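In what follows, a single structure is set out as C-alpha cells and then discussed.
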Amino acid sequence: MVKGALAQTNFRSKNWISTTDTIWLDTLSIVPGTVEVIRNGKTIDPSLIREEPFYGYILLSLPPGDSIQINYRVFPEQLTRIHYHKSLPENSPDIKNRPNSFSFQPGKKNSDFFDSDGLSKSGSISRGVNFGNNQDLSVNSNLNLQLSGKISDRVSILASITDDNIPIQPDGNTQQLQDFDQVFIKVYDQKSALIAGDFWMKKPKGYFMVYQKRGQGASFSTKQDFKNFSYETRTSAAISKGKFARNVIQGVEGNQGPYRLKGSENETFIIVLAGTEVVYIDGQQLKRGQENDYVIDYNTSEITFTPNRLITKDRRIIVEFQYSDKNYARSILESNNVFSKEKTLIYVNAYSEQDSKNQPLQQNLSDSAKLLLNSVGDSTQLAVFPSADSVGYSDNLVLYKKTDSLGYNPVYVYSTNPDSALYRLHFAFVGSGKGDYVQSEFTALGRTFKWVAPDTVGGIIYQRGDHNPVQVLISPKKRQMVSAGLEQQIGKKGKFSVEGVYTNYNRNTFSDLNKSDDQGYGFKIGYEQEIRIGKKENDIRIVPKVSIENISKNFSQIERFRAVEFERNWNILNRTLTGDQYISDVKFDVLKGKTGRLGYGFNTFYSGSSFQGQMQNGILNYQEKGWDLRFTGSSLQTDGAVKTQFNRHKSNLSKNIKGITIGFRDEQESNKFFIRTSDSLAKNSYSFYDYEIYLQSADSSNNRFGASYRERRDRISDTLSLSKATRARQYAIKTDLLKNPKNQLRINAGYRELEIIDTTLTSQKPDQTILTRIEYDFKMAKNAVSLSTFYEIGTGQELKKEFIYLEVPAGQGIYTWIDYNENGVKELNEFEIAAFPDQATYIRSFTPTNEYVKTYTNQFSQTLNLNPANIWKNKKGIRKKLSVLSNQTAYRVDRKTNSESEGNRFNPFLREVSDSSLLSLNASFRNTFFINRTGSVFGIDHTYQDVRGKSLLTNGFDSRFNRFHLVKIRWNITPEYNLVVEGEQGTKGNNSDFLSGRNYSISYLKANPKFSYQPNTKFRSTIAYKYSDKQNKEEYGNEHAVINDIGLEIRYNVVNKGSLLATFNYVGIIYNGNSSSSLGFEMLDALKPGTNFTWTASWQQNLSKHMQLNLTYNARKTESNKSIHTGGVQIRAYF
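Residue numbers (my numbering): 2 to 1136.
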C-alpha cells in the first residue's frame, strides 16, 4: 500500500491494494460525500461504497489485489473522540439530578440490540467461507464495533472491538492519532471504571516510578471520598504489548531522515507502538505532524523531520518509545494507591513486569539453549547459540544443505534440492572480518548467504565474512519496583516531601548466577517554602528549595525518571558509574509577579570514587514595557575517573515594537576534558558559540512573518587548546498570509552553509543545505476556480528495500505464483498480481535493510478545478453554454535524486525514470475535461493520465509507467435505453535491473461500447463489447495480442430486500508470444490464447434492517484447462 497526503490541507489521495472490504483511510474524520474511488481510471459508483466517515473508514467489496486510488477530504479532528473541559463521569455528581439540568430524556421504547436506547453504535461483523475446485476451503471474518452510551441510569459503557489479526497502525504524520488497534470495553460510573482489553498504563504519583505502557488485560480504578480522607486506587493486570527503548542519535548535516530506531537489545527491525514515542532535539520536546516537527513510520521504525526542524551535525536527537517485542510473553502487574487528608498525601505504588521463560514466542529454545542461558548468568552477550535447525524440506522456506569444504565442517550451502535442503538457518551480523558468511542474493523467500573460505597467513587464520549462522539468545527478564511517599503541607506555603523506593531487576531468570546485583534502593527528601514580602499579588516572593537524592549502585529504573539530558548536564555520557549516587540540590528563586525572576542553584553529584561533580547555575527572566530578557547559565567541575570543566549559557533578549519583535539569542558552551597524566585536553573537548538575530510578528495575527540570521562557530581540541574547526551560517524566513480564507500562502524556507576551517580537526565535509516548503490555496468566483499548491525541497536518505512473498489461504492474498520455468522453485520474477480470487494465495512483505543512500528530496502537488457552472448556470447566452464545461487537473510528484545539479534537485517536473541519478519516484498527472458532467441525458469526458514510479531495491532499480487517453461518451437515449462508449489509447511499461522477463513497453488500444436496458428500478441488462489490441515494442520482443470480449450483465434489484448480479463473457485471444511468462500474464489479463469463458453470479440480500447475506460464484474456462469454480458465502451485520 502506497500512501500520500499533503500537509496543511484537508485533501487526501491514496493508492490502495485491496485485501479486505474494510479500508481504514485516515486517523481524522472524513467529510461525508467526498470519497471518490478510482479503479482502472474509472470512478466507482458511490452507491457501492458504504462510508463510516466519522470513524475514518469505508466498506467496499473488491477482488483481492485490485489496485484503486481513493480521493477524499478530512475534518481537522476525529469527531468521534470525546472532548470535555472537565470529565463529567469522573469528577462531577450526576448533573441530571439537578433542576433545569437541560438534559433531555426521551420516553422509553421497545428496541432490539441494534436500536438500543442510550447507546451509539457503529461498525459491522461478518463471517464467510470461500471454496472451489482449485483451492482449499478458507474462512474469513471481520469484526469492527464502536459502542458508547449508558447501560443504566448510573453506568456507562465505551467499547471498541475488532477481531483483525493484524493490527492496523495509524499514519504517524498527524498530531492526533486514532487508535485503530485499541480493542477494549470500558464500564464506568462517576467514581469507578473497569477496562477489559487494550489500555494505557501511565506514571503514578511519585518521583522514581515512571512508565508509559500499552497492555492488554484488565484495569480497575476508583476514587472514594470518606468523612475524613479520600482514597484513589488503580490496579491492573495485563500482557505487555511493548518494550521500552531509548535512542540517542547524533544528527547528520543536512539529513532530515529517515533515521532508523533500534530496540533496547539493539534489534534492527522493530515495530514502534503508535503514539508511544517522545522525541527531543537539544532537550526540547517536539510535536508530531507534517505541519509540526516530525513524522514517523511506525511499521518501519523510521523518523523523518519536517522543514520546521533543520537537522545538522550539531543536533542532539533523543527518541523514547515502546516497540513490539515477541521474544517472550510478558506480563505486567501494577497497583497505585493515594490517600489524602487535608494537608497530607500518602502514596504507595507497586509494579512488576516479567517475561514468562516457559513461553518463548519468536525464539525456539531447545534444552541446550536453555542450559546455555543458565550458564551465562547476567553476561547474556555470551549466549551465542548455533542457529541451524533441521526442519525438513519446504518450498516456502530458505533452506541450506550441510556439507564440508577445505576441511571446515560444517559448511552450509543454499539449496533448493528436496533431498538435501533440510536446514533452516538464522544469520547474525558479527562484524566485518569476524564471520564466515556474506550475503549472496535475495530470493522471493528472503536473503541467502554463502560461505567464504578464510585466509591463512603465517599460520594465522583471517576470516573474510561478516555473518555467522548463530543467534544471540535473548534472556527472560523480571523487573520490579515498589515506592512509597509522603507529601506534607507545612503552614500555608511550605511543603515537605519524602519518597523511598525498592527495585529488583533479574536480567536472566533462567540462571541463579550473579544475583547479588539484582536489588537496589533509593530515596529522595525535599522541602520548599514560599516567603512573601508584602501582601499584594505583584510583591516579591522568595522561594527556597532543597532536596537530597540517593540511589544505590544496583538501582534499576523502569523508564527514565530524571531530566532528558541528565547525563549530558553532568558530563557522564558514555560513562559507567560504579558506586551509589548522591545528589543534592539547593535553589533560591526571587520572583516579582509576572515581571521577573532571579534564581541561583548549587548542586552536587557523587558516585563513589568514579565521579564527583559540583554545579552552579543561575537564571534571570525580566519582562516589562515590551522588553523580554531570558538567561540561564551553569558551571560544572567534575573529578574522579575523568576531570572536566563545563561552562555554558543561553540568553534571549527581545523588544516588541507595535506587534513586531526584534531579538537576539545566543548559546555558548565550553566543555574541557583533561588528561590525568598531563595538562593536555582530551580529543572530546570542544566549545561553540551560536547566535541568532531575528525579526518576527505576533503568533496571534492572521498574517505572520519572520526572518532570522544564525551563525555557529565550533572549536575542537588539538590536545593543546581548542582551535577553530567549523563555521556555519544559516538564513531563514517564514511567512503565513492567512487573513483572506480564499487566498492563503505559507512559506517556510531555510539555507545553511557549513564551512570547514581546519580539516585536520574534523572529518566533516563542507555542505550546503536548502530546506523549503511552500503552500498556496486560492479560490475565486464561488469556487468556480480553485487551486492548491504544495512544494517542498530538502535533503535526506533513501532506504534500499527487499521484499519476500508469504503464502496465505486462498482468497486472502494479493499475488499468485506461476512457475514459469517449471523448476519448482519460487523466484522473484514468478509472482504476479492475482486476477482471480482462487489464485490470490500470497502477500508481499517489504523488508527494510540497513543500507541508506543520501538523497535530495523534491515533493510537489498541484490541483486545479474549473467549474463555470458555479457562476454561469443561471445565466443566458454564451455563458450558459460554457457552464456545461468543467475541468479537473491534479499533479503529484515525490522524487529523490543524488544529482548535485540544482536544476535536477529543484525541478518537480523531471520524471524520466531512466535518469541514473533518480533514486525514487512516485509521480502522477491526471486531467479530466467534462462536457455536460451533471447532465442527465448526454455527457462526454476526456481523461489523460500519466503515472510513473521508480523504487530503489537491494538488487537494483525497479521502474514502471502507465500513460493513456480515455474518452467516455454517455447517452441516455430514452429513460429505458442507455449507451456508454469508452475508448482508450496508451502505453504501459516496466523495467527491472534484476528480474528477467519484467522488461516491456506495451502500446495498447481499447474500445468498449456498452448498451443497457433498464425498464424500471428493479431490472437492468447490459450487453458489452471490449476490443483490445496490445503490441510490445520490437526491442522487447514485439509480442502482439488481440482480445475480443463479448459480455452480458443482468442486474435485478428488489427494493430493501436484495439484488442479483450475473455476468457471462466470451473472450477470444490471439497471441504470438509465450503465454507462460510474466509478459504473457500482463498482456492476456491472466487468461490463455484461444477461447475463454468467464461467468459470475452474486446475490446480496438484506435479511433484516441490519443484516445482509452475500452469495458469490465465479468461474472461468480456457481451451487447455478445466473449468475453475469458486464460491463464497458471507453474512454481515451492521451496527
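Glycine included, each C-beta is placed from N, C-alpha and C at the ideal position.
Since this is a predicted model, take the numbers as computed values, not measurements.
* Take Ser915 and list the residues in its own chain whose beta-carbon comes closer than 7 Å to its own, dropping the five residues that flank it on each side. => For Ser915, there are no CB contacts under 7 Å within the same chain when 5 residues up- and downstream are skipped.
* Would you kindly work out how many angstroms separate the C-alpha atoms of Gly495 and Glu566, rounded to a whole number? => In this model, Gly495 and Glu566 are separated by some 29 Å (Cα to Cα).
* Classify Trp452 as buried or exposed, calling it buried when 16 or more other Cβ atoms lie within 10 Å of its own Cβ. => Buried, because 16 or more other Cβ atoms sit within 10 Å of the Cβ of Trp452.
* Asked: If you follow the alpha helix (DSSP H) that Met1084 is part of, which residue opens it and which one closes it?
  -> Taken as a continuous stretch (DSSP letters only), the alpha helix (DSSP H) holding Met1084 covers Ser1079 to Met1084.
* To do: With DSSP as the reference, label Trp571 as helix, strand or coil.
  => Correct three-state label for Trp571: coil.
* To do: Grab me the residues of Ser709's own chain with a C-beta within less than 6 Å of its C-beta, minus the 5 sequence neighbours each way, in chain order.
  => Excluding sequence neighbours, Ser709 sits near Glu693, Tyr695 and Ala733.
* Return helix, strand or coil for Gln382, following the three-state DSSP convention. => Three-state DSSP puts Gln382 in a helix.
* To do: Decide if the segment 456 to 472 is in contact with the segment 418 to 436; the criterion is three or more beta carbon pairs, one per stretch, under 8 Å apart.
  => Because the criterion of three Cβ pairs below 8 Å is met, the segment 456 to 472 and the segment 418 to 436 touch.
* Asked: Distance, Cα to Cα, Ala194 vs Ser222?
  -> Their backbone Cα atoms lie some 5 Å apart in a straight line.
* **DSSP state of Glu529 mapped onto helix, strand, coil** => Residue state, collapsed to three classes: strand.
* Are Ile1003 and Lys989 close, meaning C-beta to C-beta below 8 Å? -> The answer is yes: Cβ separation under 8 Å.
* To do: Return the bridge partner residues of Gly940 from the DSSP annotation.
  => Paired residue(s): Arg971.
* Could you work out which residue in Ile620, Thr727, Ala835 and Ile196 is closest to His650 when comparing CA atoms only? => Among Ile620, Thr727, Ala835 and Ile196, the Cα nearest to that of His650 belongs to Ile620.
* Nearest-angstrom beta carbon gap, Ile240 and Gly1 [assumed within contact, 8 Å] -> Lying before the first or after the last residue shown, residue 1 is absent from the chain, which here runs from 2 to 1136.
* To do: Would you mind sorting Tyr1014 into buried or exposed? The rule is 16 or more other CB atoms within 10 Å of its CB.
  => Residue burial is scored here from C-beta neighbours: Tyr1014 has fewer than 16 other C-beta atoms within 10 angstroms and is therefore classed as exposed.
* Three-way DSSP call (helix, strand, coil) for Phe1020 in this model -> Strand, per DSSP.
* Residue range of the alpha helix (DSSP H) that includes Lys881 -> Going by DSSP, Lys881 is part of the alpha helix (DSSP H) stretching over Ile879 to Leu883.
* If Gly1091 and Glu1120 are in contact, beta carbons under 8 Å, what's the gap, nearest whole angstrom? -> The beta-carbon separation of Gly1091 and Glu1120, rounded to 4 Å, stays under the 8 Å limit for a contact.
* Where Ile815 sits in the DSSP three-state scheme -> Coil.
* What are the start and end residues of the alpha helix (DSSP H) that includes Asn905? -> Glu903 to Phe907 is the span of the alpha helix (DSSP H), which, as asked, contains Asn905.
* Whole angstroms is fine: what's the gap from Thr1's alpha carbon to Gly434's? => Nothing can be reported for residue 1: it is not among the residues displayed for the chain, which extend from 2 to 1136.
* **Span separating the alpha-carbon of Asp680 from that of Thr761** => Inter-residue distance for Asp680 and Thr761 is about 21 Å (C-alpha atoms, whole angstroms).
* Hey, would you say Gly216 sits closer than 8 Å to Ser237, going by beta carbons? -> Their beta carbons are under 8 Å apart, which means Gly216 touches Ser237 by this criterion.
* Which ranges does the beta strand (DSSP E) cover as unbroken runs of at least 3 residues, wholly within the segment 997 to 1046, from first to last along the chain? -> The segment 997 to 1046 contains these whole beta strand (DSSP E) runs: 1001 to 1014 and 1020 to 1033.
* **Asp540 (DSSP reduced to helix, strand or coil)** => Asp540: coil per DSSP, three-state reduction.
* Asked: Roughly how many whole angstroms lie between the Cα atoms of Leu578 and Asp518?
  -> In this model, Leu578 and Asp518 are separated by some 14 Å (Cα to Cα).
* Can you tell me which of the three DSSP states Lys740 falls into? => In the three-state DSSP reduction, Lys740 falls in the coil class, being neither helix nor strand.
* Asked: Is the beta carbon of Gly812 sitting closer than 8 Å to the one on Asn131?
  -> In this structure, Gly812 places its C-beta atom within 8 Å of the C-beta atom of Asn131.
* By how many angstroms is the C-alpha of Ser887 removed from the C-alpha of Lys783? -> If you take the alpha carbons of Lys783 and Ser887, they lie about 14 Å apart.
* Asked: Can you tell which of Ile834, Pro742, Leu374 and Ile872 has the C-alpha that lies nearest to the C-alpha of Thr510?
  -> Nearest C-alpha to Thr510: Leu374.
* With respect to the beta strand (DSSP E) encompassing Asn928, which residues constitute its N-terminal and C-terminal limits? -> Residues Leu919 to Ile932.
* Cα separation between Ser686 and Phe647? -> Computed Cα separation, rounded: 10 Å.
* Rounded C-alpha distance that separates Glu823 from Trp1100 -> The C-alpha of Trp1100 is placed about 39 Å away from the C-alpha of Glu823.
* Note down, in chain order, each residue of its chain lying with its Cβ closer than 6 Å to the Cβ of Pro419, except the 5 sequence neighbours on either side. => Around Pro419: Tyr394.
* Ile872, enclosing beta strand (DSSP E) - first and last residue -> Segment Ala870 to Trp873 is the alpha helix (DSSP H) holding Ile872; no beta strand (DSSP E) there.
* Segment limits, beta strand (DSSP E) that includes Ser376 -> Note, Ser376: premise wrong, no beta strand (DSSP E); alpha helix (DSSP H) at Asp368 to Val377.
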